[in-house]
Amino acid sequence: MLTAVGEWQQGLAEAISARFGVALPPEQIPFTFPPKPEMGDASTPVAFSLAKALRRPPAAIAAELAAVSLAGVRESRAAGGYLNLYLDRGRAIGDLLAGRFTPAAVPGKVIVEHTNINPNKAAHVGHLRNAVLGDSLVKCLRYLGRTVEVQNYIDDTGVQVADVVVGFERIKGFSLGEVKALMAALSAFDPPKSGPFSEVRLGAWAARCPALLAEHPAWRGVERELERCCGRFDSFCWELYAQVGPWYAQSDEHKAARLETLHLMEAGGNETAAMAALVAEEMVRRHLGTMERLGIRYDVLPHESDILKIGFWRSCFDKLKAAGAVHLVPAESEDKNRGCWVMALAESDEFKGMSDADKVIVRSNGTVTYIGKDMAYQLWKFGLLGRDFHYRPFDTPLYEVWRTDAGTAQIPDGVILASEARPESLPKRDAGQAGMTGKSDHEASPSFGGGEAVINVIDVRQSYLQKIVKEGLRQMGHEAQADRSIHFAYEMVALATKFVRAEMEKGVRFDLSEEDLAKPFVEMSGRKGLGFQADLLLDRIKDRALHEIEAREPDLAKADPAQWESRADMLATAALRYYMVRYNRNQVVAFDLEQALAFEGDTGPYLQYACVRAEAILRKAAEQGVAVPDPDHAATLEALAPAFDDEGWALLSLFMRVPVQVKAAVDGLDLNIVARQFYEAAQAFHAYYHHFPVLQEPEDLKRRARLLTVALFARLLRQGLTDLLGIPVPERM
RNA sequence: GCGCCCGUAGCUCAGCUGGAUAGAGCGUCGGCCUCCGGAGCCGAAGGUCGUGGGUUCGAAUCCCGCCGGGCGCACCA
12 MLTAVGEWQQ
22 GLAEAISARF
32 GVALPPEQIP
42 FTFPPKPEMG
52 DASTPVAFSL
62 AKALRRPPAA
72 IAAELAAVSL
82 AGVRESRAAG
92 GYLNLYLDRG
102 RAIGDLLAGR
112 FTPAAVPGKV
122 IVEHTNINPN
132 KAAHVGHLRN
142 AVLGDSLVKC
152 LRYLGRTVEV
162 QNYIDDTGVQ
172 VADVVVGFER
182 IKGFSLGEVK
192 ALMAALSAFD
202 PPKSGPFSEV
212 RLGAWAARCP
222 ALLAEHPAWR
232 GVERELERCC
242 GRFDSFCWEL
252 YAQVGPWYAQ
262 SDEHKAARLE
272 TLHLMEAGGN
282 ETAAMAALVA
292 EEMVRRHLGT
302 MERLGIRYDV
312 LPHESDILKI
322 GFWRSCFDKL
332 KAAGAVHLVP
342 AESEDKNRGC
352 WVMALAESDE
362 FKGMSDADKV
372 IVRSNGTVTY
382 IGKDMAYQLW
392 KFGLLGRDFH
402 YRPFDTPLYE
412 VWRTDAGTAQ
422 IPDGVILASE
432 ARPESLPKRD
442 AGQAGMTGKS
452 DHEASPSFGG
462 GEAVINVIDV
472 RQSYLQKIVK
482 EGLRQMGHEA
492 QADRSIHFAY
502 EMVALATKFV
512 RAEMEKGVRF
522 DLSEEDLAKP
532 FVEMSGRKGL
542 GFQADLLLDR
552 IKDRALHEIE
562 AREPDLAKAD
572 PAQWESRADM
582 LATAALRYYM
592 VRYNRNQVVA
602 FDLEQALAFE
612 GDTGPYLQYA
622 CVRAEAILRK
632 AAEQGVAVPD
642 PDHAATLEAL
652 APAFDDEGWA
662 LLSLFMRVPV
672 QVKAAVDGLD
682 LNIVARQFYE
692 AAQAFHAYYH
702 HFPVLQEPED
712 LKRRARLLTV
722 ALFARLLRQG
732 LTDLLGIPVP
742 ERM
């Protein structure tokens with residue numbers, strides 16, 4: 012079935028063919044939205060493109076096309092070469108509610124990979140940008156009728172995890188048992204459930220610390236980390252990780268610790284490997300918790316350790332060799348890559364002009380690089396590997412999410428599986444939950460991978476590597492899949508030096524030179540502990556929200572603290588998500604706390620407020636016994652639509668643009684246009700609200716038309732914010 | 001050196017595949033709550049769209065050069 016716009020394109024194409032003898036494919040007739048409401052509801056500049064071929068002025072062509080009658084169009088007018096359409100308002104609203112502006116569903120599964128945080132420290136604002144962009148993209152794809160599978164890749168075997176393990180074992184002298192005890196102590200911490208973070212949680216934690224230190228003499232070296240972590244394990248590791256770099260720099264012996272640790276992790280069956288698994292698993296749980304605060308969830312968590320154990324790389328390597336995509340550089344050669352398996356990139360257009368066009372895939376010591384593992388993973392995502400993971404539920408009380416499992420394949424004896432290693436104090440999954448019990452897990456486990464298109468949300472600094480993965484697919488003969496491997500590249504989040512200076516004035520220490528501070532922003536670095544933790548940011552925004560709510564409803568905190576909290580959470584989610592999605596993806600976000608904390612103007616809460624205000628009117632109407640017209644009732648629409656104020660109509664007609672904008676957003680991976688669209692709608696509503704009394708309007712027909720306008724606006728905005736931007740809307744704020 | 005990205009109002013950013021008079025927010029200044037919630041609204045000031053060419057009926061937008069800034073181009077992920 013054609014969309015409403017599709018019908019206009021069809022109608023115009025036929026008319027153009029009949030009148031001018033020019034065959035124009037309907038989908039090539041462009042539609043835009045006029046800058047002012049009096050210029051109509053939709054518009055096409057098609058006359059401009061016909062002008063040259065027909066050797067007639069655009070205005071004359073548009074004038075002739077204005078005589079063509081189009082479905083659902085009340086009137087067509089030519090204006091300055093444009094053809095402006097004025098719609099039958101009742102019908103247009105009906106079409107919109109019936110989804111006739113949304114493109115038809117597309118078959119095939121899209122796999123979106125995002126978040127991918129190294130499981131060795133707390134998530135920071137940069138990870139938030141990734142997750143928010145990824146999740147918003149997922150929502151937009153689903154809105155357009157796509158089936159989407161969300162994957163969050165866990166690199167649980169890399170040096171980053173090893174570094175934290177080094178921190179625990181070598182720097183702090185922690186045993187596996189002590190790490191377990193620390194995790195247990197932190198997850199047992201039960202701060203008061205409501206009130207500002209800075210007063211309540213921090214206070215309670217500060218009070219708890221001395222007792223913990225007294226109970227655990229082995230923790231004498233971590234007083235500072237413990238105090239600063241606010242009772243969070245990921246935050247503790249954030250502090251710890253920042254100490255590892257300087258420690259390595261102290262001596263060669265220290266440097267060697269990293270490699271030793273990595274070897275122990277690979278070998279398995281020892282305390283170090285168990286600690287790595289334990290730390291990584293708990294970290295993933297923490298990250299899922301952070302993202303859950305923003306309503307971001309995943310379907311499956313592929314683990315790098317499983318990719319290795321189950322032999323994905325070996326299959327991929329066989330395919331690469333069979334296709335001649337990699338070759339071995341002879342060990343006796345003079346080449347700097349001697350002894351390595353490399354992929355030649357020189358012949359590909361993407362890489363021309365490179366001085367060194369070979370990429371090492373397998374090192375001379377026989378180990379595979381990250382890029383190789385990524386290629387195996389990408390093959391699996393497309394169902395091209397011919398092998399699959401086993402799956403089991405990931406151990407978290409938050410929601411049902413699966414993780415990969417190597418099954419019985421090649422797990423060295425004695426390796427403590429992460430699930431067995433979890434501390435007893437963590438909440439256990441409800442055994443009654445479907446698909447969550449014992450043996451039935453495998454039978455009930457859904458299938459993952461085998462997507463028809465793959466979108467990897469990874470920051471722009473990895474573009475080169477993503478290109479190589481794509482090139483690998485191509486060289487293996489998977490041309491079509493290479494074309495459907497999309498790298499959603501976005502610029503990094505850095506710290507605005509303005510913000511850094513403000514923090515330094517408050518006593519926070521950053522290891523930065525004067526030269527760094529002279530720049531507009533500085534890159535974050537987990538290694539240096541230079542960054543801003545995601546949970547802390549959310550806490551700060553929430554605190555602000557709690558205060559703002561309290562200022563408006565002083566009694567709420569006492570009367571209904573749960574409600575108070577829940578509204579503040581929604582405000583924080585809105586502020587943060589909007590902040591992360593409002594920028595163009597090519598724009599470096601120079602993180603500034605002041606901007607992230609803003610609730611006024613071009614912000615998430617402003618959008619929520621528009622919705623809350625509209626719903627307040629409807630609630631008030633109900634209280635006064637005034638009936639709100641039902642938008643789903645066709646006859647009501649027909650009757651009231653002609654009585655819409657022009658401004659009210661202009662407001663509603665903005666929502667007809669949403670499907671077009673979402674399509675454009677997904678095609679161009681420019682999600683900011685979706686955010687902007689709703690911002691404009693909110694702006695239009697706030698203005699409408701001030702200029703058009705609804706309940707006070709004396710004339711019955713007008714009042715009912717305005718109530719209908721408000722009802723439609725509230726529904727469309729709430730739906731849009733929730734479904735596309737993941738911004739929840741409270742009933743009051 | 002090669003490649004990608006950014007440069008638009010004091011600051012932070014929009015400006016969609018060239019198209020209607022370059023727009024928002026913050027900040028500044030001035031107004032608006034006996035009236036559906038002031039997290040709001042209305043108004044003012046503020047821009048030679050980094051720069052020089054080119055293509056076009058038409059360029060912030062496309063092409064080329066230059067200037068300034070960021071990021072890539074590992075047997076690290």
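Sequential numbering of the first sequence, starting at 12, is according to this note's numbering.
Where a beta carbon is used, it is the ideal one built from N, C-alpha and C, also for glycine.
Query                                                                                                                                                            : Result
Can you give me the start and stop residues for the alpha helix (DSSP H) that F31 sits inside?                                                                   : 15-31
Compute the beta-carbon to beta-carbon distance between A632 and V639, rounded to the nearest angstrom, for a pair I have assumed lies under 8 Å.                : 5 Å
Going by CA-CA distance only, name the one from M354, A601, R593 that's closest to K481.                                                                         : M354
Once DSSP output is grouped into helix, strand and coil, what is the label at L541?                                                                              : strand
Which residue comes first and which comes last in the beta strand (DSSP E) that contains A134?                                                                   : Unbroken run through A134: none, as it is neither H nor E.
Once you ignore the five residues that flank A77 on each side, which residues in its own chain have a CB closer than 7 Å to its CB?                              : S87, R88, A89, L94
Classify V519 as buried or exposed, calling it buried when 16 or more other Cβ atoms lie within 10 Å of its own Cβ.                                              : exposed
What residues in its chain sit with their C-beta under 7 Å from that of T301, if we drop five residues either side in the sequence?                              : A134, A545, D546
Would you call P739 buried or exposed, if buried means 16 or more other Cβ atoms sit within 10 Å of its Cβ?                                                      : buried
Measure the C-alpha to C-alpha separation of V16 and P114 and round it to an integer number of angstroms.                                                        : 10 Å
I need the DSSP call for L395, collapsed to helix, strand or coil.                                                                                               : coil
Between L682 and S147, how many whole angstroms is the CB-CB distance? I'm expecting something under 8 Å.                                                        : 5 Å
In chain order, which alpha helix (DSSP H) runs of at least 4 residues are fully inside the stretch 474-519?                                                     : 474-486, 490-494, 508-516
So, for L176: in the same chain, excluding its five sequence neighbours on each side, which residues have a beta-carbon less than 8 Å away from its beta-carbon? : Contrary to the premise, residue 176 reads as Val rather than Leu in this sequence. Taken in chain order, the residues that qualify are T272, M276, T283, M286, A287, V290.
For the alpha helix (DSSP H) containing R219, list its first residue and its last residue.                                                                       : 212-226
Starting from the Cα of W575, find the closest Cα among P37, E561, H314 and give me that residue.                                                                : E561
Can you find the residues in the same chain that come closer than 7 Å, C-beta to C-beta, to N348, ignoring five residues on each side of it along the sequence?  : V340, D369, V371
Ordered along the chain, which non-local residues of its own chain (more than five positions away) have a Cβ less than 8 Å from that of V33?                     : I27, L61, A64, L65
How big is the Cα-Cα spacing for H298 and T126?                                                                                                                  : 9 Å
If you check the beta carbons only, do F532 and A507 fall under 7 Å apart?                                                                                       : yes
Is M276 near the ligand FMN, with its Cβ less than 6 Å from a heavy atom?                                                                                        : This structure lacks the ligand FMN; in fact it carries no ligand of any kind.
Report back the beta-carbon spacing between A73 and G22 to the nearest angstrom; my notes put them in contact at under 8 Å.                                      : A73 to G22, Cβ: 15 Å. No contact.
Which residues mark the beginning and the end of the beta strand (DSSP E) in which I469 is found?                                                                : 464-470
In whole angstroms, give me the CA-to-CA distance for P565 and H701.                                                                                             : 26 Å
Please state the DSSP three-state secondary structure of V143.                                                                                                   : helix
My understanding is that Y402 touches S456, with C-beta atoms under 8 Å, so please give their C-beta distance in whole angstroms.                                : 4 Å
Return the bridge partner residues of P404 from the DSSP annotation.                                                                                             : W413
Should K530 be labelled buried (16 or more other beta-carbon atoms within 10 Å of its own) or exposed?                                                           : exposed
On the three-pair Cβ rule with 8 Å, is the stretch 702-710 touching the stretch 605-617?                                                                         : no
Name the residue from R512, P41, R308 whose alpha carbon lies nearest to the alpha carbon of V161.                                                               : R308
Between the Cα of D416 and the Cα atoms of E315, Q20, Q688, S205, which residue gives the shortest distance?                                                     : E315
The alpha helix (DSSP H) that contains T55, what's its start and end?                                                                                            : It is not in any alpha helix (DSSP H) - T55 instead sits in the beta strand (DSSP E) that spans 53-55.
Tell me the rounded alpha-carbon separation between I469 and L587.                                                                                               : 19 Å
Checking 7 Å against the spacing of the C-beta atoms, do G540 and A253 come in under that value?                                                                 : yes
Is it true that the CB of A505 sits closer than 7 Å to the CB of A807?                                                                                           : Past the edges of the chain, shown from 12 to 744, lies residue 807, and the structure says nothing about it.
Just to confirm, is the Cβ distance from M535 to R140 under 7 Å?                                                                                                 : no
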